Each structure stands twice: as C-alpha cells, then as structure tokens.
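Below is one structure; the comments refer to it alone.
Protein chains: 2
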Amino acid sequence: MQVKDVIARIIEKKKDVGGIKEVYYAACGGSYAAFYPTKAFLEKEAKEVKVSLYSSNEFVHNTPVSLGENSVVIVASHKGNTPETIKAATVAKGKGATVIALTWINDSPIVSEADYVIDYSFGPSKEISKEKTMNALLTAVEILNQTEGYEYYSQFMEGRSMIDSIVSNAQKHVEKRAKQFAINHKDDNVIYTMASGAGWGAAYLQSICIFMEMQWINSSTIHTGEFFHGPFEITDANIPFIIQVSEGSTRSLDERALAFLNKYGKRIEVLDAKELGLSTIDSKVIDYFNHLLFNNVYPVYNEALAEIRDHPLSTRRYMWKVEY
Amino acid sequence: MQVKDVIARIIEKKKDVGGIKEVYYAACGGSYAAFYPTKAFLEKEAKEVKVSLYSSNEFVHNTPVSLGENSVVIVASHKGNTPETIKAATVAKGKGATVIALTWINDSPIVSEADYVIDYSFGPSKEISKEKTMNALLTAVEILNQTEGYEYYSQFMEGRSMIDSIVSNAQKHVEKRAKQFAINHKDDNVIYTMASGAGWGAAYLQSICIFMEMQWINSSTIHTGEFFHGPFEITDANIPFIIQVSEGSTRSLDERALAFLNKYGKRIEVLDAKELGLSTIDSKVIDYFNHLLFNNVYPVYNEALAEIRDHPLSTRRYMWKVEY
Numbered sequence: 001m002q003v004k005d006v007i008a009r010i011i012e013k014k015k016d017v018g019g020i021k022e023v024y025y026a027a028c029g030g031s032y033a034a035f036y037p038t039k040a041f042l043e044k045e046a047k048e049v050k051v052s053l054y055s056s057n058e059f060v061h062n063t064p065v066s067l068g069e070n071s072v073v074i075v076a077s078h079k080g081n082t083p084e085t086i087k088a089a090t091v092a093k094g095k096g097a098t099v100i101a102l103t104w105i106n107d108s109p110i111v112s113e114a115d116y117v118i119d120y121s122f123g124p125s126k127e128i129s130k131e132k133t134m135n136a137l138l139t140a141v142e143i144l145n146q147t148e149g150y151e152y153y154s155q156f157m158e159g160r161s162m163i164d165s166i167v168s169n170a171q172k173h174v175e176k177r178a179k180q181f182a183i184n185h186k187d188d189n190v191i192y193t194m195a196s197g198a199g200w201g202a203a204y205l206q207s208i209c210i211f212m213e214m215q216w217i218n219s220s221t222i223h224t225g226e227f228f229h230g231p232f233e234i235t236d237a238n239i240p241f242i243i244q245v246s247e248g249s250t251r252s253l254d255e256r257a258l259a260f261l262n263k264y265g266k267r268i269e270v271l272d273a274k275e276l277g278l279s280t281i282d283s284k285v286i287d288y289f290n291h292l293l294f295n296n297v298y299p300v301y302n303e304a305l306a307e308i309r310d311h312p313l314s315t316r317r318y319m320w321k322v323e324y
Numbered sequence: 001m002q003v004k005d006v007i008a009r010i011i012e013k014k015k016d017v018g019g020i021k022e023v024y025y026a027a028c029g030g031s032y033a034a035f036y037p038t039k040a041f042l043e044k045e046a047k048e049v050k051v052s053l054y055s056s057n058e059f060v061h062n063t064p065v066s067l068g069e070n071s072v073v074i075v076a077s078h079k080g081n082t083p084e085t086i087k088a089a090t091v092a093k094g095k096g097a098t099v100i101a102l103t104w105i106n107d108s109p110i111v112s113e114a115d116y117v118i119d120y121s122f123g124p125s126k127e128i129s130k131e132k133t134m135n136a137l138l139t140a141v142e143i144l145n146q147t148e149g150y151e152y153y154s155q156f157m158e159g160r161s162m163i164d165s166i167v168s169n170a171q172k173h174v175e176k177r178a179k180q181f182a183i184n185h186k187d188d189n190v191i192y193t194m195a196s197g198a199g200w201g202a203a204y205l206q207s208i209c210i211f212m213e214m215q216w217i218n219s220s221t222i223h224t225g226e227f228f229h230g231p232f233e234i235t236d237a238n239i240p241f242i243i244q245v246s247e248g249s250t251r252s253l254d255e256r257a258l259a260f261l262n263k264y265g266k267r268i269e270v271l272d273a274k275e276l277g278l279s280t281i282d283s284k285v286i287d288y289f290n291h292l293l294f295n296n297v298y299p300v301y302n303e304a305l306a307e308i309r310d311h312p313l314s315t316r317r318y319m320w321k322v323e324y
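Protein chains in written order, with full-length UniProt numbering: chain A, 1 to 324; chain B, 1 to 324.
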C-alpha cells in the first residue's frame, strides 16, 4: 500500500476516537538516523500533532504516558528482526496505538507486530525517492497534510521527483575527492562529523554506523550550533572534520562553523549541499532533502576509505557474532 | 519570584488565548544539557502540552510554525550574554510567546528580552535543590501540574528536598576513585561518556564542556540503547568509557551496555546512581534526578584530571579569546 493510503486509512479509523494526536518514531542506529528528518519535519511544521523520536529501547522502557489510541507509532528495522524495535511495536500495540513498520523484508518478524507495513528501495540500484528515509518522511508529510494540511505539499513532492538525479550527480561529483580523502585519512584514529537542522541524522549515521561500527575509528557528531559552546576547543591542525553545509534554514550555522574550521583547523572535508546541486529544490522544503543527499554521498567516501584501509565495510567483531 | 508563581501568572495571562500549548527550551552547550531533563520530563509525563529542546541558534533559524501566543519559551544563559540565546528570546517575543530566562546574573543582557527571570544557586557552595538544572526542571513540573496535573508532584518535591545530601555524600564517595581515574586517564586522547534516559544530558555536558572544551580530549556521548547498533564496535581493551548507570526506567539499558563493556573492554569507569545513593528517592520521579547527581559528581573527577594533566579547567584557546 502507498504511504498516502496507509495514512488515509489510519485517519479514517481514528475518527471516532478524536484523530491522530501523537506520532512516535522508534528505531535503532541507522534506522534511528533515517527517522531524524521526519522528526525535524513535524517538530517544525506541525501546529497541533506532537512528535518524538526514540531509540527503540528507550521507547520500551521510558514509554510516554500519552501513548494510546490517538497515537501512531512508526518503527523501522531493515531486516525486520531488531529485538528492541519489535518490542517497541509490541508496547505500542499494547497501549492501543496504530503501528506502521518500515522494513526491507516483507515477511520479517516485525511484520506480525505491525498494523501496516511499508517497504522501501534498497541496494546498489535503489531509487532515492523510494528509500527508507524518503518513505519515513512521507509518513510525516502525509500525516500533516491529511490532518492540519501542509502548505508546501506539492513543492515537497516536486523535490522528491528531483532527488534521484541530484544524488546521482553528486555521487559522481565527489568521486575524485573521496579518493583523496581516503588517502589523507587512512591512518586517523578520530574523525568528527558536523551538521545541523533536519540533515543532522546523516552525520550521526556516518559517525556511529560507518566510522565507529564499520571502520573502528573514534567519532562523534557535533551540532554546528553547539560547536562554539564547547567542542570547538578541540580544533587544531591535526583533528579531521567532515562538515555538512546544508541547504535551507540552518545553512548559516554550518557556514559559521566552517569559517572557524577554515581559520583554525587544517583537515576539513566539506560536503556542501549547494555545490552538490540540492538548490534546485524549492526553498520551503529543501531542509528535508539534506539527509537524502548527504547520506547517499558518504558511501562514495566510505568505499574509498574501506579499500585503502583494507578494512571492508562488512567487517564486524561483535555485531551478529557474540551475544549482547 | 518563585518558579511556581511565575508559571501561575503565565497561565492566568494565557487564559483568554487558550492556555499553554507548547513549551520550548532553547540554550547552548552546558545550558542546553541542563535543559535535557526538563525535555525528558515533559516528553514522558505530559498528555497534551508539546515540548521541544533546541540549541539556541537552531531555534532562531529553524523556528517551529507553532511558536506563538500559546507558547512558553524558556532560555538559559549562565552569564546572560550568550548571543544566540538572546536572539532566541527575541525571536520568541516577536512571535508573541512568553519568555522565561534562567540566568545567574540578574542584570545581564538577556534579562531585557525576557518576561520573567529566574536565577539559581551557583558556585562552590551552591545548593543542588536550587541550581540551574533543578529550577529548569521546576518550570516543567509546574507547567504540567498547573495545567494537566502531575500525579507525582509531592514525590518530586520530596526528591528535591533530598538531593543536596545525596549529592554531597556521592561526591565524598568518589573522591578516591576520581584520583585513580585521573592517574589512569592522564594520557588518553579519547574518552567516551555513556548514558540513557533523562540523565543523558549530564553525559553530553561532560563530553562537550569538560573533555572537549576544558581538557582538549576527544569525546562523544553514546546512548546506551544505541550502543549495540554501531558504536560498540569501537570497544577494545584500550578505549576508555565513563558510563552512567542510572536509576529509574532506563537502568536496564545502562546495565546491558555495562555488561558488554565488562566483557570486552578494560577501561570502564562506572557511575552507578544506585551505589551513589539516589535510590531513596521515589521510583516514580527518580529518573529526573539522575542528571543532578551525575553532573555534580563529575567535577570531582574533573578537578583531579585537570590537576594531574596540568591543564586547568579554566584554560581556553578560542572561547572568549578570538572572534567566532
């Protein structure tokens, strides 16, 4: 079923109990990051509906009192088998909430805990306009548009129709510099990522799922607005940063952090959404496309880095290998 | 004016426009961290009122559309001169919201942008029950109690009356191990902090304001629930972690992460709220006191670390020294 139709059906069903009042997103790791733009979207654009984003086990153990029949809980698990996320769905259903599960595998364990299942495009030839982050965003956009109304709905859908070619061009654009980045950073034991706004989740994902998980490189995600209130004191000529210069409302935060880095740092990799072609998307909705852009440009860097470090992205020492 | 009276007055004034519908917290760095428990409190306990927490400049540039006459915006700036936070207050007032400023300096610039000012206890002999984090928490507790009602109000106030002696005992309790920690970590170039639940902000503050800002040690805050979805792959015998084992609803997340660290790591410093005496506070409200405990125990470690590293906590290379 299309996301639009799923939401329409939920709204119809909730008519008698007073409609949708709360939207909760719960997932872990990369799926948590994929939900960040949706949380940012509703947090900024919604007048009435409440939104929160939880790491799944936090949702399970620290469940909000407002969870109930007016709630929609949207969970995501790539293979549909993340225990904490399955449990989050179970907790949600137990409280009378409606559960939507995003998963790549349609007969996975999480499916039986969900009222509705939404799959998505994944893999080397995936369509960005149908990938997990986009389908997650659509749940938020449709909920807002079908309840309060969303003034920029058509601009959003137009942006969606443009994102595949933007990403494809951007990936080609960074190929050469990604190889250079890999050479420059092959021996580093720490790399920071920086971001702000709705695109922050892409930097978080790069930090925890790639540098830490797949390359065993120390990392942290610094919010470019928080940078000047503590983290910037770490800056020197040796510390490497990857900074997302986003398009949209928080670009000035990123530019300010970059100006500082250019003055006092030496090892700065800039991912600039403007340079990477995002600016053709309408300014009223562009914020929400930063994640899709950056999250699909990082892999060009990651493959180059993994190759030169002789540390394949699939290597794990604990995940799926030991009990935890 | 007491927090309780400030909130009562705001509610009275907003009667004609439909009451308080949104509460926004905006601050930077350490003050942002101090607001984390308040955000966690309303996110969990409130049935109706919306809450969000912003780094100030994100609030300024990424302003939510629901900001308006039904909003209360609570900002914090220790010396009352943080430009982004002053701007956040200005933006809020411009949209018709009511602004409460928490500041230590009663005639600071932020005061003129606020409708109400709340000061707090600070310094070597500060009262924990009157410090910034507690007064911030009180804004949330009073808003909830005076609008929807808060079932555990009396338990919360009882917890507040107990926190000073709990912290004082805990500080003494860790003195010896803090000295050992300093010896063991004096040459480290990375130290992780870990936490979950309403106490997460204390780990964030330790990471960005102490390790990065005041000691120039690389750091990141890992959510104990997210740990197993990426970050745990960094674990080995050499990587140091400080883990907050909280009391309350997310303790099991922290215990699970600690069990893994004890098995696969070697350099783990445990701050256990149970061992540190927090458990005498009622279990219905104990979550919200973790930050006050941990945030006041870290300084014992920090002073020992600064001394042995011959790197005073007051040393800066950029903050207040260069333009940024």
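Glycine included, C-beta positions come from ideal geometry on N, C-alpha and C.
Just so you know, these numbers come straight off a predicted model, no measurement behind them.
Item: Where in the UniProt domain "SIS" (10-150) of chain B do unbroken runs of the beta strand (DSSP E), each at least 3 residues long, occur, reported from the N-terminal end onward?; Value: 22-27, 50-55, 71-76, 98-102, 116-118
Item: D188/B by DSSP, collapsed to three states: which one?; Value: coil
Item: Skipping 5 residues on each side, what residues in its chain have a beta carbon closer than 8 Å to that of E255/A?; Value: V245
Item: How about K44/A and P64/B: do their beta carbons lie closer than 9 Å?; Value: yes
Item: Along the chain, which unbroken stretches of the alpha helix (DSSP H) at least 4 residues long are found entirely within the stretch 232-297 of chain A?; Value: 251-264
Item: What is the DSSP secondary structure of M162/B, reduced to helix, strand or coil?; Value: helix
Item: Identify the contact partners of K47/A in chain B, using a Cβ-Cβ distance below 8 Å as the criterion.; Value: V65, S66
Item: Nearest to Y288/B by CA position, among Q206/B, I20/B, M157/B, is which residue?; Value: M157/B
Item: Looking at C-alpha atoms only, which residue of I105/A, E84/A, A97/A is the closest neighbour of E226/B?; Value: E84/A
Item: The alpha helix (DSSP H) that contains W200/B, what's its start and end?; Value: 200-205
Item: At 7 Å on the CB atoms, spell out the chain B contacts of N57/A, in chain order.; Value: G225, L253
Item: Confirm, please, whether the CB-CB distance from A114/A to A97/A is below 9 Å.; Value: no
Item: Alpha carbon to alpha carbon, what distance is there between F228/A and V60/B?; Value: 16 Å
Item: Span of the beta strand (DSSP E) holding T221/B?; Value: 218-223
Item: Considering only C-alpha positions, which residue in the set Y264/A, T250/A, N262/A, T315/A is nearest to S55/B?; Value: T250/A
Item: Should H61/B be flagged as near chain A, meaning a C-beta pair shorter than 9 Å?; Value: yes
Item: On the DSSP bridge assignment, give the partners of M194/A in chain order.; Value: I222/A, I243/A
Item: Let me know the secondary structure DSSP gives M157/B once reduced to three states.; Value: helix
Item: Does any residue of chain B have a CB that is nearer than 9 Å to the CB of A273/A?; Value: no
Item: Between M214/B, I7/B, L205/B, which has its C-alpha nearest P312/B's C-alpha?; Value: M214/B
Item: Does Q180/A come out as helix, strand or coil in the three-state DSSP assignment?; Value: helix
Item: Is it the case that the Cβ atoms of residue 326/A and S129/A are separated by a distance below 9 Å?; Value: Only positions 1 to 324 of chain A appear in this structure, which leaves residue 326/A out of reach.
Item: If the cut is a Cβ gap below 8 Å, which residues of chain A does V190/B touch?; Value: N189, V190, N218
Item: Of all the CB atoms in chain A, is at least one closer than 9 Å to the CB of G29/B?; Value: yes
Item: Below 9 Å between beta carbons is the criterion; list the residues of the stretch 86-107 of chain A that meet it against any residue of chain B, in chain order.; Value: none
Item: Does the separation of the CB atoms of residue 327/B and A76/B fall below 9 Å?; Value: Lying outside 1 to 324, the shown extent of chain B, residue 327/B is not represented and no answer is given.
Item: What residues of chain A sit near Y152/B, judged by a beta carbon separation below 7 Å?; Value: Per Cβ cutoff of 7 Å: no residues; Y152/B is ~11 Å from chain A at best.
Item: Inspect the beta-carbon positions of I143/B and I281/B and report whether they are closer than 9 Å.; Value: no
Item: When DSSP labels each residue in this structure, what does E323/B get in the three-state scheme?; Value: coil
Item: Of the choices K79/B, S220/B, R9/B, whose alpha-carbon is the least far from that of W320/B?; Value: K79/B
Item: Are the beta-carbon atoms belonging to F241/B and Y204/B less than 9 Å from one another?; Value: no
Item: Within 9 Å (strictly less), CB to CB, does A198/A reach chain B?; Value: yes
Item: Cβ atoms of I110/A and T82/A: under 9 Å apart, would you say?; Value: yes
Item: Report yes if the C-beta distance between L258/B and I166/B is below 9 Å; otherwise report no.; Value: no
Item: Look at the Cβ atom of N62/A, then the Cβ atom of A140/B, and state whether they are nearer than 9 Å.; Value: no
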